[in-house]
């Protein structure tokens, strides 16, 4: 790309958040994660290992948090307050349940003394929606089960990782994907530092040397590379599958049908908690869901007509404009 | 393609993937279009080259062998290698989905530690031998000329079904033996016994999606249930129904299912039955009609008032009231019993008390419906249990066995040390292991026959849990055998049958031929629109599933006598040991799959090792922090592992997950973590004789060592960030109730 | 109160004396020098071994991880960049404001600038996953037409640092030309050849002097904004990011202050070393020492103030996560280092505020080193805690840097020392001609009569006095 190509492109792709979204995508792949259905079973994560040649790093490297699971399931105990540096929750706190529309302002959750979340819930807390709600039944967090959160690259449209890469190894594709060019990456690791979700994984070692002892290497997917040390990588929304589907559609000169393919995680999810599709296609499941939950791309703060709808995007207030919408976990309290 | 030096003649002989197989798909997508232009059907072929088109992945139908659920799968084959497993959308069991174990099946197939040659024990040590030598040995010891007394011969297997089951029965008959031990650590044998007595059917179908409230006493149906993927799907329906279903989980240690519960209740192990009766008391007092019950039961129920129950179970009275209220208000409901309720000396009684709730609430017929039998009972899964393990240990102890064949089970690993099985089976003169891996049992056998992996072999399967539409699922090779010196299990059994001149098996060159003719012999009702046997066979291989009709099936609802023992404390061993099973490691059979070792435990998020789950209060009492090594000792042994502290266990409970602590089983499993099964007390359920997994009392002590506990979460809570937001169910019902959004 | 009347320099000193005193520093080294060289090489060797090992095995050996993608390498990189600011401050800024007390000490300060930049330059390479592709950051023209991402602060770094390095090197060289000429005239053998080349045929003619002055002043003016911008740009590596505790508006001035601070501290260190080993008490007088110390103290206070500004802004601001990071600095695993930083950076400088301790050179030597320790910790405290406690609670962790990182950081000091040792033996570490100017001016101030005479003389015959550099040589 020539210099002016860069200039034009970046003004185009920067449109993301500021100007109500970028509308010239040929496709705009998006996802929905329904936390009401998710049981945190890990099938998606392992499917990702199988599909994307993710190396198994072993216990010692895992201990150093040098693992490579593009799709990880975080598990939280739904307790708003915790003493600093205490791995286990403090005893007997009320469980915080969001209520939309905001109940009386008096219900605004006070900040906890000594808590890291201190001031978090003060109105206008930067990067956060004001959280208004009520205390649920007196009980301990575990009484309401665990909170599972599948986290894959959020494919942000105002991605914080893109502008900081010195060599433009990560950039925005016309598909609305947040692409990572392995061959261009020089490993400055700025992108990962700047990803608020910490969803970018770096090859600290030549993992392939011991991840696939013969004949395990025969399982490697020839559709994508095996990465060597010094390169950043992350979830690609199974771009290799996207390519195949697009080529097929082109050969049969038609548009890609909704649901004719899915990413490995979505394909295998036993509860169907994950939905994948093209948000440019108004009839696709994803677009329907986004519409129904009144979540729009290119917005820092959603102003829903119906405040009760479950759709939200993680750390939306940071203005990263993710392509993954989460649907709130539901609990009978 | 290294690691495979089979010439074509060879693999045609052993019927590797080239032998037969039908592509269900072209172009990397499980559909029924085919390779060329996606037009005409792909038929069975004998020249694999034709279907090895560089760069094109072809999907073949097969069956997952990772657990007894028998999910139908599609394997993506490209350039002669199987690369990825996906569910078969036609399957009524898993409708196109797979769990993590199914995904990781590939690593069993490509496992670097697979057995490549037959092993024979010579002078105490196992040494590689040729198949000829192995088979002659087999013939000498078990062959017709061996003069083996059939009574003293036994098969020891895991859950078997389909034609393998048929062959096994035939072989036993041919040898003249009745000893078939079917062993699974993760089973629902006690519940089956109770169902048999109360409902007249061992394995009825549970309509989760019909229930508005599910009260589960430790039934981990989405995790280690009879069919995890099937129940995960019905769970999703149950959660999205209007009004949204409520899940209440009562168990001593939070299982994967418990993690998704609306209300999770910690209970003192062994007191589940008492709580059930307590709830029953509440229901009756709320005016639920109990007149149908016999007098004795009604008095029993009347005797369980909230305070008493609360004292025994440790569940606060208001909780009991709440649960009862939910059950009463939201009908129909469904009450399930799981491992933690079954695994006691009085397991049968507890489960009976739990099932009584279903009778009381009139769920039988609504959310519990008859399953009936398939039209081919001989092919249905022989569900495993632990009773057979005890029986086998007993037989070995009595020196009642001369020859034992092991397949799909690893008793040396799963048996509690107290049974002394590892020692006892030494007294069995000739032990043969049909195995892919050098597991504990194989390594203690006298003859080890390396069999083809699940992705290289032929077979048919029926899942242990059959939904409304019963089906037979076909297992076909997804690629050539990696190692020339491995043989198919079916082929081996067939060979032995032919050696015994068993009637009806002479004609077949190999297991494939047998299967093919067996399918040809199926009634037309099954064959559907197939024009010829060949056509039917082709279609079968392509679809991977044969749907079969159900016969009979009816449920009675009669209560059985319940007598729960007095619950007593053990001051010497204050804690209950919970050997928790988990989706992933299962009973330890998947410890050699690196993907599953590195996939964090769903609740604690620990990887690659064993850990001990301790309640904060208990931890304070013991003075331990996360990462401290703690010694958990029962009468019969002790294990040492790192502490993980959280409130998902009852304060009286010390939970240690199953799966690790292998002494053999390859580089990924060997010498990693600890095996809680080893320290179990050999207590059996009084009524059914099942091993009581949850009945062991232990002490716990800090051993002073400490290491970083290797796990995923850096911080366990959200710190008020909106990571996982929670909304009330009534809001959900209001906004999304009855709407099919997408 | 003797020191009040104390002079920056003794104006009675003979110019020949100056030459001999300074030039003796170029004489063949004593044993102590070779020991120092050996030590530096040993330190450097540690770094080289560690780096080779890391190059072979990947950055995993450094115990970097997710989220700790950046570690001591970046922290130390900033530290060395900061170190480089002192030279510019002394020679350029003080030159422009005509603070002539700088004259005896600016030369080695400038050298320090260049050398610390040369050290800093290594760290981005060491830090990179694929260092052999470092040049991709530079916008060179290729037929592939691939450009770097001009939005990325790292690219700005590349520009800023290379520019700063070249210009400060040029500045250093230009400033040396007249002295090199003196060396040429006083040396034989290879040195003669070397200096002949380097001194670019300097004759000290009137015209040469005029051009020289112009160029020097020009470079000075050019260098000042550059120096300020360099560290502002380095600060934007953090300030431009989205991470809590990094996107702080006050970072650019904060970084520049920190830079000048560590720079001055290290000037004190080197000042004392040179004064002691080359017996330059005549030139590096206590009066000058006093002045640097006061300057350092002033900058320390500015730095402290900017710290407080940052804390306050975070504490009363509406970014709860940034606040968490701040709290974690106070109480978290980094706390000991954080408090050490505050002590060395804000409390210890008061040792410079008091006459008595200020005049105690051994003590000052220790203090100046500790100040730099504090400054190094500051850089680490910027990089580390934010990565430990960012937005996602899942990724919270703390990983102690491995021996490999420490070895490379340690070795970088060896490299710097080595360069400096070579420098003091090759070129005069004190500017002779500027000292002479200084002396000359002081004489005139002290003796108006002489000044009048001088004026008369230059009106008569220009050539006589036009070569102050040669007189007495």
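Residue numbers (this note's numbering), protein chains in the order written: chain A, 36 to 368; chain B, 443 to 1184; chain C, 2 to 474.
The beta carbon of each residue, even a glycine, is placed where N, CA and C say it ideally should be.
How many Å lie between residue i and residue j at the Cα?
i	j	result
residue 266 of chain A	residue 186 of chain A	21 angstroms
residue 368 of chain C	residue 266 of chain C	8 angstroms
residue 1089 of chain B	residue 1056 of chain B	8 angstroms
residue 424 of chain C	residue 453 of chain C	40 angstroms
residue 10 of chain C	residue 258 of chain C	29 angstroms
residue 323 of chain A	residue 742 of chain B	54 angstroms
residue 842 of chain B	residue 830 of chain B	14 angstroms
residue 1154 of chain B	residue 399 of chain C	13 angstroms
residue 891 of chain B	residue 581 of chain B	13 angstroms
residue 139 of chain C	residue 363 of chain C	45 angstroms
residue 188 of chain A	residue 195 of chain A	12 angstroms
residue 942 of chain B	residue 586 of chain B	6 angstroms
residue 439 of chain C	residue 426 of chain C	24 angstroms
residue 58 of chain C	residue 1071 of chain B	32 angstroms
residue 238 of chain C	residue 107 of chain A	29 angstroms
residue 487 of chain B	residue 961 of chain B	Caution applies to residue 487 of chain B, whose pLDDT of 35 falls short of 50 and renders its modelled position unreliable; the model cannot decide the point.
residue 332 of chain C	residue 269 of chain C	33 angstroms
Opposite residue i in the DSSP bridges: which residues?
i	result
residue 1155 of chain B	Beta-bridge pairing links residue 1155 of chain B to no other residue.
residue 708 of chain B	B:693
residue 1076 of chain B	B:1079
residue 1028 of chain B	B:1024
residue 660 of chain B	Beta-bridge pairing links residue 660 of chain B to no other residue.
residue 827 of chain B	B:625
residue 934 of chain B	Its beta-bridge partners do not exist; DSSP assigns none.
residue 570 of chain B	B:561
residue 1019 of chain B	B:1096
residue 421 of chain C	DSSP lists no partner for residue 421 of chain C.
Hey, residue i and residue j are a contact pair by Cβ (cut 8 angstroms); roughly how many whole angstroms apart?
i	j	result
residue 395 of chain A	residue 704 of chain B	Nothing about residue 395 of chain A can be reported from this structure: the residues present for chain A run from 36 to 368 only.
residue 213 of chain A	residue 244 of chain C	Actually they are not in contact, since the Cβ atoms of residue 213 of chain A and residue 244 of chain C sit about 18 angstroms apart, beyond 8 angstroms.
residue 650 of chain B	residue 677 of chain B	6 angstroms
residue 353 of chain C	residue 375 of chain C	Not really, about 13 angstroms apart at Cβ, beyond 8 angstroms.
residue 390 of chain C	residue 325 of chain C	6 angstroms
residue 180 of chain A	residue 702 of chain B	5 angstroms
For this session: Select from the stretch 175-190 of chain A all residues with a C-beta closer than 8 angstroms to any C-beta belonging to chain B, and list them in chain order.
Result: 175, 176, 177, 178, 179, 180, 181, 182, 183, 184
Problem set entry | Stretch-stretch touch, CB-based, cutoff 8 angstroms, three pairs: the stretch 103-118 of chain C with the stretch 78-89 of chain C | Short answer: they touch.
Exercise. Just by C-beta distance, which residues in the stretch 270-288 of chain C are closer than 8 angstroms to chain A?
Worked result: none
For this session: Check each residue of the stretch 301-317 of chain A: if its Cβ is closer than 8 angstroms to any Cβ of chain B, include it; give the result in chain order.
Result: 302, 303, 304, 305, 306, 307, 308, 310
Exercise. Can you find at least 3 beta carbon pairs, one from the stretch 309-320 of chain C and one from the stretch 289-298 of chain C, that sit closer than 8 angstroms?
Worked result: Too few Cβ pairs lie closer than 8 angstroms, so no.
Exercise. Which residues, taken in chain order from the stretch 396-428 of chain C, show a beta carbon closer than 7 angstroms to some beta carbon of chain B?
Worked result: 396, 397, 398
Exercise. When the Cβ atoms of the stretch 936-953 of chain B are set against those of the stretch 600-616 of chain B, are three or more pairs found closer than 8 angstroms?
Worked result: yes
Problem set entry | Three or more C-beta pairs below 8 angstroms linking the stretch 1126-1137 of chain B and the stretch 1053-1070 of chain B | no
For this session: Report the residues of the stretch 700-715 of chain B with a CB closer than 9 angstroms to any CB of chain A, ordered along the chain.
Result: 700, 701, 702, 703, 704, 705, 706, 707, 708
For this session: Check whether the stretch 898-912 of chain B touches the stretch 667-684 of chain B, taking contact to mean three or more Cβ pairs, one atom from each stretch, closer than 8 angstroms.
Result: In the pairwise beta carbon analysis, the stretch 898-912 of chain B is classified as touching the stretch 667-684 of chain B: at least three pairs are separated by under 8 angstroms.
Exercise. Quick check: the stretch 625-632 of chain B against the stretch 818-836 of chain B, are there 3 or more CB pairs under 8 angstroms?
Worked result: yes
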